[in-house]
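The next block holds one structure in the form of structure tokens; read it before the comments.
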Ligand SMILES: *[C@@H]1O[C@H](CO)[C@@H](O)[C@H](O)[C@H]1NC(C)=O
Ligand SMILES: *[C@@H]1O[C@H](CO)[C@@H](O)[C@H](O)[C@H]1NC(C)=O
Ligand SMILES: *[C@@H]1O[C@H](CO)[C@@H](O)[C@H](O)[C@H]1NC(C)=O
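Residue numbers (mature numbering (1 follows the signal peptide of the UniProt record, and there is no 0)): -19 to -1, 1 to 426.
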């Protein structure tokens, strides 16, 4: 998640979960994988008489809704994460795999953690995943909180990269473990013809002082291009996974999630290799959003997804939050193009009231937006449908953005403009053009 001192915003027609297995007979030629992100375990979470001491992650604010599954001012209690994995495990099929886009430790002051504490939380989450999914391969990516002090990931080997390479041995092969322990990134063949490429985008994250002056920290850009070139030569498709996304933050004006220069450079690499990249998957913002990468002529060439978090935490000053969430993607087994997203959630308020965690299907992306699939052209169609005519789709999109946290919160004018330009434009020039040229259309509403 974002640095609090950089942005003052820690920052949100449910069908029942049992609807899923009835359709778990996937259409022929289709398979699935899971995406979990931003678990943010807070080991200090405990119920007690004083709401200000329920969790260290509330930083003294009163967790007045605290229950067995958490509170909107706190990071995840272990019980919340366990309930998520238990619900997922019940729906899992043998050929599935999991992508896990980082951030296991809690949002707490720097002196409440240490390298050891961070490694222990990552180890706990790794072991807990292994217990619930002994048969599945998990492809992790490192997040900005998966380091101590947070965000400061160096461009060379260190205790955290080495610990991750040790912990993730059951899932990753020696070549992947070797680049992981050196620079926090790797690639590995997940299926014949499908390569997962896990980028360490924390090397490009604004608050990371350790890499501020480097032109290519850890040589990751060089490695990325070489890996994509090899994939093209071997006729593989690639799924990019990372914690901090490329593109613009949907809630901020003109702010990329990573450093401006790195964003432009990544966008240009992703455009050049868009025939190889079959999807991009991120976390970090805690919210549910999509982005379509357009080439210089405005053709849609790549689909990107930011998955909502398991942690429900919000900053005490912020109105937005998210219900805890996880999702599956459906893909074509022939060319690995993306068919759909099935988004699941836990109504945290209800779960605490009932002391029972009924994870449910929140929505199916193709159905919610009337799309035939999630290929780049379909995401462009979705993005254009969010433009004010006025847009009938935008309120649905925005409600999903917060995982149905609070449907009474609306987003119009500038708020909607930022959301929509962030969906449609990932590079600076075309994003800026979107904001200036479309502003009038949004303010007239
Ligand atoms: C992870 O930590 C929780 C407490 O926060 C503990 O109950 C659980 O046993 C730990 N699991 C593993 C596998 O270390
Ligand atoms: C980056 O460059 C600035 C000024 O050139 C220098 O003061 C700073 O120490 C450098 N930082 C690192 C991490 O090398
Ligand atoms: C979540 O549960 C609360 C309490 O039962 C209810 O008021 C709210 O409408 C529910 N939200 C969703 C999205 O189901």
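For glycine and all other residues, C-beta sits at the position ideal for the given N, C-alpha and C.
Can you list, in chain order, the residues of its chain with a C-beta nearer than 6 Å to that of residue i? Leave out the 5 residues immediately preceding and following it.
i: residue 157; result: 167 and 169
i: residue 388; result: 380
i: residue 418; result: none
May I ask you to report which of helix, strand or coil DSSP gives residue i?
i: residue 183; result: helix
i: residue 471; result: Not covered by the structure: residue 471. The range shown for the chain is -19 to 426.
i: residue 340; result: coil
i: residue 385; result: coil
i: residue 282; result: strand
i: residue 113; result: helix
i: residue 103; result: helix
i: residue 47; result: coil
i: residue 255; result: coil
i: residue 403; result: helix
Since residue i is in the beta strand (DSSP E), which residue starts that stretch and which ends it?
i: residue 260; result: 258 to 263
i: residue 326; result: 319 to 326
Using a Cβ-based criterion (distance less than 7 Å to any ligand heavy atom), does residue i qualify as near ligand 1?
i: residue 194; result: no
i: residue 59; result: yes
i: residue 24; result: yes
i: residue 109; result: yes
i: residue 189; result: no
i: residue 105; result: yes
Using only the alpha-carbon positions, how far apart do residue i and residue j sit?
i: residue 85; j: residue 102; result: 6 Å
i: residue 383; j: residue 302; result: 6 Å
i: residue 324; j: residue 344; result: 5 Å
i: residue 199; j: residue 19; result: 24 Å
i: residue 197; j: residue 27; result: 43 Å
i: residue 23; j: residue 292; result: 9 Å
i: residue 399; j: residue 192; result: 29 Å
i: residue 181; j: residue 80; result: 14 Å
i: residue 411; j: residue 82; result: 27 Å
Between residue i and the rest of its own chain, which residues show a CB-CB distance below 7 Å, the 5 nearest in sequence each way excluded?
i: residue 300; result: 390
i: residue 247; result: 227
Would you give the residue range spanned by the alpha helix (DSSP H) that residue i belongs to?
i: residue 409; result: 409 to 424
i: residue 69; result: 59 to 72
i: residue 202; result: 201 to 214
i: residue 350; result: 346 to 350
i: residue 218; result: Premise fails: residue 218 lies in the beta strand (DSSP E), 218 to 222, not in any alpha helix (DSSP H).
i: residue 121; result: From DSSP, residue 121 is part of no alpha helix (DSSP H) but of the beta strand (DSSP E) over 119 to 121.
i: residue 144; result: 140 to 148
i: residue 157; result: 155 to 164
i: residue 329; result: 329 to 335
Is there at least one non-hydrogen atom of ligand 3 closer than 7 Å to the beta-carbon of residue i?
i: residue 333; result: no
i: residue 328; result: yes
i: residue 385; result: yes
If I measure Cβ to Cβ from residue i and keep anything under 8 Å in the same chain, skipping five residues before and after, which residues do I get?
i: residue 354; result: 318, 319, 320, 321 and 347
i: residue 2; result: Here residue 2 scores only 41 on pLDDT, less than 50, and its place in the model should not be relied on; the value that follows carries that caveat. Excluding positions up to five away in sequence, the list reads 72.
i: residue 240; result: 185, 186 and 187
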